[in-house]
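Residue numbers for the sequence shown follow our numbering, beginning at 5 and rising by one. Backbone N, C-alpha and C fix where the C-beta goes; we use that ideal spot for every residue, glycine too. Report on the following structure.
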Amino acid sequence: MTFSIVATDGTAWGVAVASKFLAVGSAVPAARAGVGAIATQSYANLAYRPQGLAHLAGGLGAKETLDALTAADDEREQRQAGIVDAQGRAASYTGSGCHPWAGGITGDGYAIQGNILTGPEVVEAMEQAWLASDDRAPLAERLLAALTAGDEAGGDRRGRQSAALLVASVDGGYAATSDIQVDLRVDDAAHPVSELARLLDLHEVLFSKADRSEYLDVTDEIAAEVAGLLTAVGHPPTGADVDSVGLALWDWAGIENLENRVLQEPKIDPVVLQILRDKAAAAAQ
Numbered sequence: 005m006t007f008s009i010v011a012t013d014g015t016a017w018g019v020a021v022a023s024k025f026l027a028v029g030s031a032v033p034a035a036r037a038g039v040g041a042i043a044t045q046s047y048a049n050l051a052y053r054p055q056g057l058a059h060l061a062g063g064l065g066a067k068e069t070l071d072a073l074t075a076a077d078d079e080r081e082q083r084q085a086g087i088v089d090a091q092g093r094a095a096s097y098t099g100s101g102c103h104p105w106a107g108g109i110t111g112d113g114y115a116i117q118g119n120i121l122t123g124p125e126v127v128e129a130m131e132q133a134w135l136a137s138d139d140r141a142p143l144a145e146r147l148l149a150a151l152t153a154g155d156e157a158g159g160d161r162r163g164r165q166s167a168a169l170l171v172a173s174v175d176g177g178y179a180a181t182s183d184i185q186v187d188l189r190v191d192d193a194a195h196p197v198s199e200l201a202r203l204l205d206l207h208e209v210l211f212s213k214a215d216r217s218e219y220l221d222v223t224d225e226i227a228a229e230v231a232g233l234l235t236a237v238g239h240p241p242t243g244a245d246v247d248s249v250g251l252a253l254w255d256w257a258g259i260e261n262l263e264n265r266v267l268q269e270p271k272i273d274p275v276v277l278q279i280l281r282d283k284a285a286a287a288a289q
């Protein structure tokens, strides 16, 4: 009923999944930084997620964890699952009772599996896309590339409904307060994978941080421009000095959910500056 990729790049662990199933992200994926990631599908046993992560955290590898989960499950022949562990070892399981086409592929750092697919070309296309992806790119982008390839190759033979992307990395969450770096879900849509891509683009704008080398020094000219733009969007600085402009910018950025991209120093992210310009232009219309 589902196709997924579970993978790690050595610094992050994650799952991308799509299915003709309502809110697949609520059932299939689990991940913990420095521990591993799991996808449970085909009459999914949701207990595999906490139990599997506990096994991995306790020192079992991907295969040993999957063996332990399925050995304790009387309905294992209907199950399908994929796991990667902290070291990038991968394992995939497809029970004999899964609806065809069903199967999986594993390699260094990834496990790809699916059931009720149009055919093996789905997991093959996902593997090719994963291997062809830039290993310097964020894991979320690489997972999405593989999921997109599977969707374009046919995906779930019943059609499309939902998709999800979950990635964990150390201190990767909002304001470094958790390890959940990306947790995006499209619960019910005609084209869930493409919608997931749109959400990931938005997530990158709002929650990623630009390379500090890309930040612009706030010169008097830029400060004057920013002051005017902030005034146009209803957040005028109390003064024309850089500190006053910076405080107004911080206040506006918090309202726009851009606080992760604002530094407590006289520099500005070019992405923030462009968004502010666009908002001011829209306000002027």
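Practice task
Using a threshold of 8 Å, state whether the C-beta atoms of G159 and T122 are closer than that.
Solution key: When the beta-carbon positions are compared, G159 and T122 come within less than 8 Å of each other.
Practice task
With distances taken Cα to Cα, identify the nearest neighbour of S30 among P196, A153, D191.
Solution key: The residue from P196, A153, D191 with its alpha-carbon nearest to that of S30 is D191.
Problem - Residues that Y97 bridges to, as DSSP identifies them - result: DSSP, once it has assigned bridges, lists A85 as partnering Y97.
Problem - For Q117: DSSP bridge partner residues - result: Q117 is bridged to S8, G108.
Problem - Through-space distance from V246 to E225, alpha-carbon basis - result: Across the structure, E225 and V246 are spaced so that their CA atoms are roughly 10 Å apart.
Problem - With 16 other Cβ atoms within 10 Å as the buried cut-off, status of Y114 - result: Its Cβ being crowded by 16 or more others within 10 Å, Y114 is buried.
Handout entry: The beta strand (DSSP E) enclosing G40, as first and last residue numbers
Key = For G40, the uninterrupted beta strand (DSSP E) run begins and ends at 40–45, by DSSP.
Problem - Inter-stretch contact at 8 Å, needing at least 3 Cβ pairs: the segment 188–205 / the segment 41–58 - result: No, the segment 188–205 is not in contact with the segment 41–58.
Problem - Span of the alpha helix (DSSP H) around Q278 - result: Where Q278 is concerned, the enclosing alpha helix (DSSP H) stretches over 274–288.
Practice task
Would you decide whether A22 is buried or exposed? Buried here means 16 or more other CB atoms lie within 10 Å of its CB.
Solution key: Around the beta carbon of A22, 16 or more other beta carbons sit within 10 angstroms, so the residue counts as buried.
Exercise for the section: Leaving aside the five residues before and after V171 along the sequence, list all residues of the same chain whose C-beta is less than 6 Å from its C-beta, in chain order. Expected result: Cβ neighbours of V171 beyond the five flanking positions: A16, G18, L143, A144, Q185, V186.
Handout entry: Residue range of the beta strand (DSSP E) that includes G18
Key = For G18, the enclosing beta strand (DSSP E) covers residues 16–23.
Handout entry: At least three beta-carbon pairs within less than 8 Å, the segment 260–275 to the segment 218–235
Key = They touch, by the three-pair rule.
Practice task
Kindly identify the DSSP beta-bridge partner or partners of V266.
Solution key: Under DSSP, V266 shares a beta bridge with no residue.
Practice task
Say yes only if the C-beta of G86 is nearer than 7 Å to one or more non-hydrogen atoms of the ligand NAD, and no if none qualify.
Solution key: The ligand content of the structure shown is nil, which means the ligand NAD is not present either.
Practice task
For L188, I'd like the list of residues in its chain whose CB is within less than 7 Å of its CB, leaving aside the five on either flank, ordered along the chain.
Solution key: Cβ neighbours of L188 beyond the five flanking positions: A168, L169, L200, L203, L204, H207.
Practice task
Taking only the alpha-carbon atoms, compute the straight-line gap between M130 and H59 and give it to the nearest angstrom.
Solution key: One Cα belongs to M130, the other to H59, and the distance between them is close to 27 Å.
Exercise for the section: Jot down the residue ranges of each uninterrupted beta strand (DSSP E) in the segment 161–185, minimum 3 residues, whole runs only, in chain order. Expected result: Listed in chain order, the complete beta strand (DSSP E) runs (minimum 3 residues) inside the segment 161–185 are 166–173.
Problem - Top-ranked residue by Cα proximity to Q82, from S8, T223, A48 - result: Checking every option, the nearest Cα to that of Q82 belongs to A48.
Handout entry: Start-to-end residues for the beta strand (DSSP E) that takes in P33
Key = Element bounds for P33: 33–36.
Problem - DSSP beta-bridge partners of K271 - result: According to DSSP, which records beta bridges pairwise, K271 is partnered with D221.
Problem - Same chain, Cβ closer than 6 Å to Y61, five either side skipped, listed in chain order - result: Looking at the sequence shown, residue 61 is not Tyr but Ala. The residues V39, in chain order, have a CB closer than 6 Å to that of A61 in the same chain once the five nearest residues on each side in sequence are set aside.
Problem - Nearest residue (CA-CA) to T12, options F25, D89, D71 - result: Answer by Cα proximity: D89.
Practice task
Give the secondary structure of D247 by DSSP, where H, G and I count as helix, E and B as strand, and everything else as coil.
Solution key: DSSP, reduced to helix, strand and coil, places D247 within a helical segment of the structure shown.
Handout entry: Member of W254, I9, A285 whose CA lies at the smallest distance from the CA of Q84
Key = Per the Cα distances, I9.
Practice task
Could you give the DSSP three-state label for R189: helix, strand or coil?
Solution key: In the structure shown, R189 sits in a strand (DSSP, three-state: E or B).
Handout entry: Cβ-based neighbour list, L64, same chain, cut-off 7 Å, excluding 5 preceding and 5 following
Key = If we look at L64 and ignore the five residues flanking it on each side, its Cβ neighbours are A72.
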